[in-house]
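Counting with our numbering, you get residues 65 to 309 for the letters of the sequence shown.
Ideal Cβ positions, reconstructed from N, Cα and C, are used throughout, including at glycine.
Every value quoted in this text rests on a predicted model; they were computed, and no experiment measured them.
Report on one structure; see the data block that follows.
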Amino acid sequence: MFSFKRRSLSSLVVGLGVITSGFTLTSPKPAVAQYPYQSTLFYDLQGNWANSCIVKLANQGIINGYPDGSFRPMMYINRAEFAAIVGKAFPQIPRTRRRVEFRDVHVYDWAHHHIAEAYQRNFLSGYPGRVFKPNQRITRSQVLVALASGLNYVPSRNVASTLKTNFADANKIPRYAQSKIAAATERSIVVNYPDVRFLHPNKQATRAEVAAFLCQALATPSEASVIPQQYIVNNPIPLTAQFPY
């Protein structure tokens with residue numbers, strides 16, 4: 065896939081030391097696994113389609129599981145949890161917006177700092193009335209819009225054509241999300257399981273799905289994908305296209 069140049073994943077990890085009800089985030093761990101990644105950390109990932117991706121991110125300290133040894137890949141995550149995750153995955157992204165104090169995020173909330181950083185780095189925005197809705201579950205389209213916004217992806221092709229060509233349910237994509245999802249599609253960020261033809265844009269995102277989007281966004285051009293190819297919406301941008309980075 066084609067994406068902006070990134071440092072290795074080991075340099076992307078920062079120690080948040082936060083445990084949430086969704087993703088659990090811990091201090092960085094040494095990267096001990098080599099390709100291909102195997103499910104040796106979580107007992108409930110055997111045979112899971114996102115197994116290698118999840119374990120890769122866990123080995124890099126970006127995500128973690130639960131104290132009982134599970135990962136719970138089918139659980140949903142909320143906006144606060146996602147804010148913390150992108151902060152660990154992309155600490156190099158510069159702040160482009162002034163800090164905002166949201167009315168529904170208390171200064172002592174565990175996610176206060178992560179939400180502020182995600183907002184300043186343009187991954188997430190608030191709602192009218194200066195509210196963030198930290199406990200609201202995030203949808204697949206919202207995850208893709210967040211990644212494309214924070215990573216400054218812009219489409220290089222006709223948006224409608226890209227969406228119609230790649231998604232059988234393109235008509236269900238919210239209007240506000242169309243441009244960013246098209247841009248993410250061009251960079252092979254989009255992963256659709258179990259049927260690559262269906263985006264299910266308004267479906268709440270699971271822990272496994274968020275991990276898959278992250279693995280694609282973090283991958284370098286020379287790196288083999290840890291996501292099974294049959295689930296990647298593979299529509300790479302032309303080599304002559306201009307990258308924002």
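Residue i - partner residues in DSSP beta bridges
i	result
I296	V255
Residues near residue i in its chain [Cβ-Cβ closer than 6 Å; skip 5 each side]
i	result
L278	A153
G190	F166, F196
R201	Y140, N142, Q268
Q102	Because Q102 carries a pLDDT of 48, less than 50, the predicted location of this residue cannot be relied on, and no value is offered for it.
A232	R261, F262
K93	Residue placement at K93 cannot be trusted, given a pLDDT of 30 that sits under 50; what the coordinates show is reported in the next sentence. So the qualifying residues of the chain are G125.
A281	L211, I253
Where residue i falls: helix, strand or coil (DSSP)
i	result
T229	helix
S289	coil
S116	helix
N123	helix
L105	coil
A283	coil
T90	At T90 the pLDDT is 33, less than 50, meaning the model places this residue with poor confidence; the figure from the coordinates comes in the next sentence. The answer is coil: DSSP assigns T90 none of H, G, I, E or B.
P100	Low per-residue confidence applies at P100: pLDDT is 43, beneath 50, and the placement is therefore not dependable enough to give any value.
Beta-carbon gap between residue i and residue j smaller than 8 Å
i	j	result
G214	I157	yes
Y140	Q268	yes
V169	F196	yes
T160	R194	no
R143	L188	yes
E250	P219	yes
A175	P198	yes
N115	A122	no
Residues near residue i in its chain [Cβ-Cβ closer than 7 Å; skip 5 each side]
i	result
N298	S252
Y107	G133, S134
P292	W113
A247	A212, Y217, V218, P219
S243	P219, V223
N256	F262, L263, Y295, V297
Residues of its chain near residue i, where Cβ-Cβ distance is below 8 Å and the 5 sequence neighbours each way are ignored
i	result
P238	S205, P265, N266
V207	F146, A269, E273, V274, F277
P258	W113, Y295
A241	S205, Q206, L208, V209, P265
I245	S205, L208, V209, A212, L227, I237, V254, L263, P265
R162	Q184
T203	P265, N266, K267, Q268, A269
M138	T270, R271, A272
Chain C within 8 Å of residue i, Cβ atoms only
i	result
V218	Here there is only one protein chain, and chain C is not present.
Unbroken stretches of the alpha helix (DSSP H), 4 residues or longer, contained in the segment 131-217: Within the segment 131-217, the complete alpha helix (DSSP H) runs of at least 4 residues are 143-153, 176-184, 204-214.
4 or more residues per run - each alpha helix (DSSP H) lying fully within the segment 232-281: Qualifying alpha helix (DSSP H) stretches, in chain order: 242-250.
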